[in-house]
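Read the structure below first, then the notes.
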Amino acid sequence: MAGALERLREHLAEITDLRTAAAVLSWDQQTHMPPGGASRRAEVLSTLSGLIHAKFTSDETARLLDAAEPEVQGLPEDHDDRCLVRIVWRDYERERKLPTDFVAAWARDRAISVQVWRQARPANDFASFLPYLDKMAGYARRAADFYGYREHPYDALLDGYEPGMTAADVRRIFDELRPQQVALVQAIAARPAPRTNFLHRDYPPEMQGQFGLRVAADFGYDLQRGRLDLAPHPFATSFGRDDVRITTRYDRTYLPEGIFAVFHETGHALYEQNVAPALARTPLARGCSNVWHESQSRLWENIVGRSRPFWRRYFPLLRQHFPAQLGDVTADEFYAAVNRVTPSLIRTEADEVTYNLHIMLRFELELGLMEGVIRPAELPELWNSKMQEYLGVTPPDDRDGVMQDIHWSQGSFGYFPTYALGNVMAAQVWEAVQKTYPDIEDQIGRGEFGMLLGWLREHIYQHGRKFLPQELAVRATGRPLEAGPYLAYLRRKFGELYGL
Ligand code: ZN
Numbered sequence: 002m003a004g005a006l007e008r009l010r011e012h013l014a015e016i017t018d019l020r021t022a023a024a025v026l027s028w029d030q031q032t033h034m035p036p037g038g039a040s041r042r043a044e045v046l047s048t049l050s051g052l053i054h055a056k057f058t059s060d061e062t063a064r065l066l067d068a069a070e071p072e073v074q075g076l077p078e079d080h081d082d083r084c085l086v087r088i089v090w091r092d093y094e095r096e097r098k099l100p101t102d103f104v105a106a107w108a109r110d111r112a113i114s115v116q117v118w119r120q121a122r123p124a125n126d127f128a129s130f131l132p133y134l135d136k137m138a139g140y141a142r143r144a145a146d147f148y149g150y151r152e153h154p155y156d157a158l159l160d161g162y163e164p165g166m167t168a169a170d171v172r173r174i175f176d177e178l179r180p181q182q183v184a185l186v187q188a189i190a191a192r193p194a195p196r197t198n199f200l201h202r203d204y205p206p207e208m209q210g211q212f213g214l215r216v217a218a219d220f221g222y223d224l225q226r227g228r229l230d231l232a233p234h235p236f237a238t239s240f241g242r243d244d245v246r247i248t249t250r251y252d253r254t255y256l257p258e259g260i261f262a263v264f265h266e267t268g269h270a271l272y273e274q275n276v277a278p279a280l281a282r283t284p285l286a287r288g289c290s291n292v293w294h295e296s297q298s299r300l301w302e303n304i305v306g307r308s309r310p311f312w313r314r315y316f317p318l319l320r321q322h323f324p325a326q327l328g329d330v331t332a333d334e335f336y337a338a339v340n341r342v343t344p345s346l347i348r349t350e351a352d353e354v355t356y357n358l359h360i361m362l363r364f365e366l367e368l369g370l371m372e373g374v375i376r377p378a379e380l381p382e383l384w385n386s387k388m389q390e391y392l393g394v395t396p397p398d399d400r401d402g403v404m405q406d407i408h409w410s411q412g413s414f415g416y417f418p419t420y421a422l423g424n425v426m427a428a429q430v431w432e433a434v435q436k437t438y439p440d441i442e443d444q445i446g447r448g449e450f451g452m453l454l455g456w457l458r459e460h461i462y463q464h465g466r467k468f469l470p471q472e473l474a475v476r477a478t479g480r481p482l483e484a485g486p487y488l489a490y491l492r493r494k495f496g497e498l499y500g501l
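In the numbering used here, the protein residues as written are 2 to 501.
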């Protein structure tokens with residue numbers, strides 16, 4: 002019967018098509034658009050996002066959801082249509098909570114704030130950025146009030162990136178990770194560092210790209226339904242499962258940057274390419290949440306792509322691409338080099354052991370800002386003292402300290418924890434994979450990724466956004482997110498690498 006559900010699906014398909022159109026324009030903006038196109042493109046994207054917001058938050062959406070509700074009530078809880086109505090109701094209620102004039106004012110001020118940050122950061126000029134940072138924190142705080150929360154205003158913001166997760170959940174996991182990760186960093190610092198000089202030789206970008214794409218294809222990235230382009234900040238984007246694109250950038254004199262960015266974005270792309278076809282043109286046709294998405298990019302980048310079996314298999318191939326540059330290097334030396342642990346100032350360059358500490362610092366500062374116990378003017382000093390406490394380094398200036406990330410200039414508070422929790426989820430998923438395939442590392446050592454991709458497709462990818470993040474964790478791994486598997490993974494891998 003072509004009933005209410007059918008009409009709801011048509012309505013959502015139109016909204017999804019508009020979102021896809023916006024995503025294509027945004028991909029083009031970051032990969033091919035000439036600089037002169039910027040302001041015209043901003044107008045088009047702003048018009049589109051206004052249309053999408055208006056259409057999605059319209060009374061029509063609520064009417065259609067209401068009408069479809071009885072049609073899905075009798076269906077099993079994990080039926081596509083029942084999940085669709087439930088998740089779209091949740092999205093709808095959240096999006097309706099922000100008044101339209103508030104959203105528009107925030108978007109306007111955000112554009113200015115990002116521009117100020119782009120100029121202030123290279124000039125190391127925190128003072129000129131401060132009023133905008135103050136404004137953005139204010140918007141986030143007011144948004145939390147509009148959304149509503151039970152315990153902490155931060156919960157309302159976090160819910161936008163990781164539905165259902167609270168600041169207390171994050172704090173519990175971080176409190177378990179922090180002392181152990183700090184201790185591990187200190188123990189490693191007392192050990193000799195591996196040789197890394199060969200990573201800084203001359204590596205022509207086109208050869209880096211060839212190698213990266215070969216590995217991406219071996220992982221299972223379907224290039225008939227994907228492509229790789231250059232962008233200043235690597236990302237992956239989906240226009241539906243049959244057109245999922247990745248981007249990277251290459252540093253000619255530092256090999257790991259470009260190839261691991263390809264592995265990382267390939268992880269995101271594998272997720273999107275393997276969402277069930279039945280979910281196409283619905284809001285469920287993408288990854289479950291930020292944590293889930295990042296868990297898959299980190300799994301392919303780090304747990305697979307920075308493992309010893311992987312490099313024993315792929316180092317000979319890499320050396321074929323760079324015979325002169327890597328002629329005096331062994332697979333094990335290369336493995337040790339790309340896993341070197343060293344406290345750094347910049348989050349995006351951090352290794353697996355120090356990365357989460359960068360995030361914990363930001364989380365604590367964000368909590369304080371939202372509670373009103375930290376004022377934005379105090380951030381540079383607090384930032385530097387926490388860097389010293391967690392990582393043993395103090396930034397020489399605000400450019401590489403408090404101003405290094407774009408997120409706060411956009412008012413994106415509540416986003417950072419999802420990066421760290423993605424690492425944690427990746428390890429928990431890996432533990433579950435190993436239960437099914439105890440020989441998974443041998444498979445990787447043979448360059449065979451089909452079983453792994455099949456497991457991930459069956460337990461995670463095909464479901465798209467049908468379930469809330471913690472529900473998916475229980476379905477895929479048997480329990481909610483925990484710190485344990487990640488700590489065990491770090492201790493085993495880096496204990497062996499550094500002889501601890
Ligand atoms: Zn990512």
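Note that CB positions come from ideal geometry on N, CA and C, so glycine has one too.
Sequence ranges, alpha helix (DSSP H) only - wholly within the stretch 312-384, length at least 4: 332-338, 356-372
Limits of the unbroken alpha helix (DSSP H) element including residue 161: 154-162
Identity of the residues DSSP links to residue 248 by a beta bridge: 230
Beta-carbon separation (whole angstroms), residue 339 vs residue 264, contact threshold 8 Å: Cβ atoms of residue 339 and residue 264 stay farther apart than 8 Å, at about 11 Å.
First through last residue of the alpha helix (DSSP H) which encompasses residue 62: Taken as a continuous stretch (DSSP letters only), the alpha helix (DSSP H) holding residue 62 covers 60-74.
Residue 298 Cβ short of 8 Å to the ligand ZN heavy atom set: yes
C-alpha distance - residue 354 paired with residue 163, whole-angstrom precision: About 23 Å.
Cross-strand partners of residue 1 (DSSP beta bridge): The displayed coordinates of the chain run from 2 to 501. Any statement about residue 1 would go beyond what the structure contains.
Cβ distance (whole Å) where residue 69 is taken to contact residue 6 below 8 Å: 5 Å
beta-carbon residue 266 near the ligand ZN non-hydrogen atom, thresh 8 Å: yes
Assigned secondary structure, residue 395 (DSSP; H/G/I helix, E/B strand, else coil): coil
Segment contact, 8 Å Cβ cut-off, at least three pairs: the stretch 12-24 with the stretch 56-76: Yes, they touch.
Whole-number beta carbon distance between residue 248 and residue 240, since they are thought to touch under 8 Å: With a Cβ gap of about 14 Å, residue 240 and residue 248 do not count as contacting.
Spatial distance of residue 32 from residue 227 (CA atoms): If you take the alpha carbons of residue 32 and residue 227, they lie about 15 Å apart.
Contiguous alpha helix (DSSP H) assignments of at least 4 residues, all confined to the stretch 421-454: 441-446
Cβ separation of residue 363 and residue 316, assumed to be a contact under 8 Å, to the nearest whole Å: Contact flag wrong, Cβ pair sits at about 35 Å.
heavy atom of the ligand ZN below 8 Å from residue 295 C-beta: Because some heavy atom of the ligand ZN lies under 8 Å away, the Cβ of residue 295 counts as near it: yes.
Residues near residue 401 in its chain [Cβ-Cβ closer than 6 Å; skip 5 each side]: 346
Proximity below 9 Å, CB of residue 415 to CB of residue 99: no
Residues near residue 399 in its chain [Cβ-Cβ closer than 7 Å; skip 5 each side]: Leaving aside the five residues that flank residue 399 on each side, the residues in its chain whose CB is nearer than 7 Å to its CB run, in chain order, 125, 127, 381.
Given 8 Å, three or more beta-carbon pairs between the stretch 182-189 and the stretch 218-232: no
The stretch 421-440 / the stretch 186-206 touching (three or more Cβ pairs under 8 Å): Not touching, per the Cβ criterion.
For residue 40, three-class secondary structure by DSSP: The answer is helix: DSSP assigns residue 40 an H, G or I state.
Bounding residues of the alpha helix (DSSP H) (the contiguous stretch that carries residue 125): That residue, residue 125, is in no alpha helix (DSSP H); it is neither H nor E in DSSP.
Inter-residue spacing [alpha-carbon to alpha-carbon] between residue 30 and residue 42: 8 Å
Cα-Cα separation between residue 452 and residue 404, rounded to whole angstroms: 42 Å
Nearest residue (CA-CA) to residue 200, options 72, 331, 120, 299: 331
Length of the line joining the Cα atoms of residue 245 and residue 193: Approximately 42 Å between the Cα atoms of the pair.
Endpoints, alpha helix (DSSP H) assigned at residue 84: 81-97
Collapsed DSSP secondary structure at residue 472 in the structure displayed: helix
Residue 441 versus 24, 259, 305, residue with shortest Cα-Cα distance: 305
Whole-angstrom C-beta distance between residue 356 and residue 424, which should lie under 8 Å: 7 Å
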